[in-house]
Amino acid sequence: MTAKDIIEIGKRMYDKNYIVAHDGNISVLADNIVYITPTNISKGFMTEDQIVEMTLDGQVLNSAIPSSEYKMHLAVYNNNKNVHAVVHSHPLYATTFACMGKPLKSDILAEAMYQLGDIPIAKYEVPGSEEAAESVIPYCNDYNGILLEKHGLITWGFNLLDAYYKTEIAEFLAKITYNIGG
375 MTAKDIIEIG KRMYDKNYIV AHDGNISVLA DNIVYITPTN ISKGFMTEDQ
425 IVEMTLDGQV LNSAIPSSEY KMHLAVYNNN KNVHAVVHSH PLYATTFACM
475 GKPLKSDILA EAMYQLGDIP IAKYEVPGSE EAAESVIPYC NDYNGILLEK
525 HGLITWGFNL LDAYYKTEIA EFLAKITYNI GG
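Right, dumping it as structure tokens:
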């Protein structure tokens, strides 16, 4: 995956209203380099030169400024060696469940059971903080994503499309759950 792929996923997320303004962030791990979206830039209008390159310990390798949530991405990569992409978004229904403090149970939808699994909820921590990054660590190996209380959704996968599709499935699961009164 390349910067071009991150830009394409950013546009998809923006067009689907999974993110608004300059919210959300996307990263890919390739050859021990993390490619992550920049801070304060709309993911619907990014350019390749804005993608940040950094090491797994957080050292920035180019002149771009990384997303304020980069620590959360690094926490996932450093705690699950099978992950090569992370997507953080604020889709309406999944974020509604995050704000209600309710996890998503996959057993109500066959596709979610097989392609996603349950989406637990991590307790609220200030976005971008070390504590927020640490809050995802207990879930990195047993789940494909989590709801961040009062914040949004984060999913991860073996590549960028896998992580993004898990975002789509989680949002669909949240919508179905909401519509059946869950």
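Here the sequence shown stands for residues 375 to 556, numbered as in my numbering. For every residue, glycine included, the Cβ atom is placed at its ideal position computed from N, Cα and C.
| Check | Outcome |
| --- | --- |
| Counted within 10 angstroms of its Cβ, other Cβ atoms place valine 426 as buried (16 or more) or exposed | buried |
| C-alpha distance - leucine 430 paired with glycine 502, whole-angstrom precision | 16 angstroms |
| According to DSSP, residues forming a beta bridge with serine 509 | Serine 509 is not bridged to any residue. |
| Which of helix, strand or coil DSSP assigns to leucine 435 | coil |
| Beta-carbon proximity of tyrosine 384 to isoleucine 400, cut-off 8 angstroms | The sequence given here has glycine at residue 384, not tyrosine. Yes, these two residues count as a Cβ contact at 8 angstroms. |
| Per-residue burial, phenylalanine 471 [other beta carbons within 10 Å of its own, 16 or more giving buried] | buried |
| Unbroken beta strand (DSSP E) run spanning threonine 529, endpoints | 526-531 |
| Short Cβ contact (8 angstroms threshold) for isoleucine 569 with glycine 519 | Look at the range of the chain in this structure, 375 to 556, and you will see that residue 569 is not part of it. |
| Alpha-carbon spacing of valine 434 relative to alanine 449, whole angstroms | 16 angstroms |
| Euclidean distance between Cα positions of tyrosine 467 and isoleucine 550 | 9 angstroms |
| Three-way DSSP call (helix, strand, coil) for alanine 449 in this model | helix |
| Histidine 464 versus Gly398, Val510, Pro477 and Ala404, residue with shortest Cα-Cα distance | Gly398 |
| Backbone secondary structure at tyrosine 538 - three-state DSSP | helix |
| Bounding residues of the alpha helix (DSSP H) (the contiguous stretch that carries alanine 484) | 484-489 |
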